[in-house]
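The sequence shown begins at 64 in my numbering and counts up one residue at a time.
Worksheet: the structure to be examined is printed underneath.
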Amino acid sequence: MVATVFRHPFPTGNAAAGLAVLHESAERLIEGLDADSTDLGDALTLTLTLAKSHCLLDTEAALLPTWQAWINAMQVGSAVFATANTAGEYVHCRIAEKDRTLRTIGPQPYTDAGAWLTAFYLAVVCREKDRLTALCQVPVSLLRESGSRYDEFEYAWVETLQTYWLGGADLAAKLVAAVDSTDPEVATIGDPEGVAKILYPPIELFHRLVRQDQAGFNRALVEALQWHKEYWSTVDRALQSTGLVALAPLAIACLAYDAGFPIETESEYLPIALLERSWAGEFPT
Numbered sequence: 064m065v066a067t068v069f070r071h072p073f074p075t076g077n078a079a080a081g082l083a084v085l086h087e088s089a090e091r092l093i094e095g096l097d098a099d100s101t102d103l104g105d106a107l108t109l110t111l112t113l114a115k116s117h118c119l120l121d122t123e124a125a126l127l128p129t130w131q132a133w134i135n136a137m138q139v140g141s142a143v144f145a146t147a148n149t150a151g152e153y154v155h156c157r158i159a160e161k162d163r164t165l166r167t168i169g170p171q172p173y174t175d176a177g178a179w180l181t182a183f184y185l186a187v188v189c190r191e192k193d194r195l196t197a198l199c200q201v202p203v204s205l206l207r208e209s210g211s212r213y214d215e216f217e218y219a220w221v222e223t224l225q226t227y228w229l230g231g232a233d234l235a236a237k238l239v240a241a242v243d244s245t246d247p248e249v250a251t252i253g254d255p256e257g258v259a260k261i262l263y264p265p266i267e268l269f270h271r272l273v274r275q276d277q278a279g280f281n282r283a284l285v286e287a288l289q290w291h292k293e294y295w296s297t298v299d300r301a302l303q304s305t306g307l308v309a310l311a312p313l314a315i316a317c318l319a320y321d322a323g324f325p326i327e328t329e330s331e332y333l334p335i336a337l338l339e340r341s342w343a344g345e346f347p348t
């Protein structure tokens, strides 16, 4: 039986105009990266906002401009860490249908654990295996050098995903460390509500995935989307486009889908064309 989780209400009256403004701003920022690659942090935030905003009206991500927006965000996310973790003065990155030469700049305030997870999730959704491998070779020590403060479970979660993708040892131990360190008595830096409703659910989904627990995965996916909806339905968050797509649950659902799991949940938070890789491989990325 398929469960449905409806997205929280979001106004659509000015959606087209808003998309045009976001697109113009993102295009301008991307075009300036060759001159100043330190703008990659802002570019990741903006391109991800644009990608999610496309899904306000194109809820299935069935239209080409939506896919292009998601690809651009994925490429920027990969470039964030390519410029931080590459030897030499320059690195070549493809962003927005153009091959670009960006200056390497080492760790930056924006090359933190949160940005790495975003970049990883985007690469999973876009099925970019080479970029996933490159991201998983970024040392956690580099993320710590950003100077941003994160709870230890987020670093443990990064290590879990890296171990999983690269086929390393001790996956179970790393996953247990990530789960255990989300305990409210241990995780004291992040907002408790955000940890419980946004940051923990993808870890639980991944736990069900590696255990090959298909029924448990689908139950956890419904719960993750319901918590996502609760979190983004509050008065101070309801109009933020960040909540239009549940990126982390979507990414883990993509891993499960590719592993042959039946995904028995429908939601605008999980655009089906992204989940079912409808666009993957159609265009050079």
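A virtual CB, placed ideally from N, CA and C, is assigned to each residue, including glycine.
When DSSP assignments are scanned along the segment 237 to 314, the uninterrupted stretches of alpha helix (DSSP H) that are 4 or more residues long and fall wholly within it turn out to be 263 to 273 and 277 to 295. When the Cα atoms are used, residue 262 and residue 332 turn out to be separated by approximately 16 Å.
As the crow flies, the alpha-carbon of residue 213 is around 31 Å from that of residue 129. Following the DSSP letters along the chain, one finds residue 158 inside the beta strand (DSSP E) bounded by residues 153 to 158. Under DSSP, residue 330 shares a beta bridge with 68. As a beta-bridge residue in DSSP terms, residue 163 pairs with 156.
The straight-line gap separating the alpha-carbon atoms of residue 187 and residue 238 is approximately 19 Å. In the same chain as residue 108, and ignoring 5 residues on each side of it, no C-beta atom comes closer than 8 Å to its own. Judged by DSSP secondary structure, residue 179 falls within the alpha helix (DSSP H) whose first and last residues are 176 to 188.
Separation of residue 276 and residue 301 (C-alpha to C-alpha, rounded to the nearest whole angstrom) is 33 Å.
Distance from the CA atom of residue 342 to the CA atom of residue 82, rounded to whole angstroms, is 21 Å. Under the three-state reduction of DSSP, residue 96 is assigned to coil, being neither helix nor strand.
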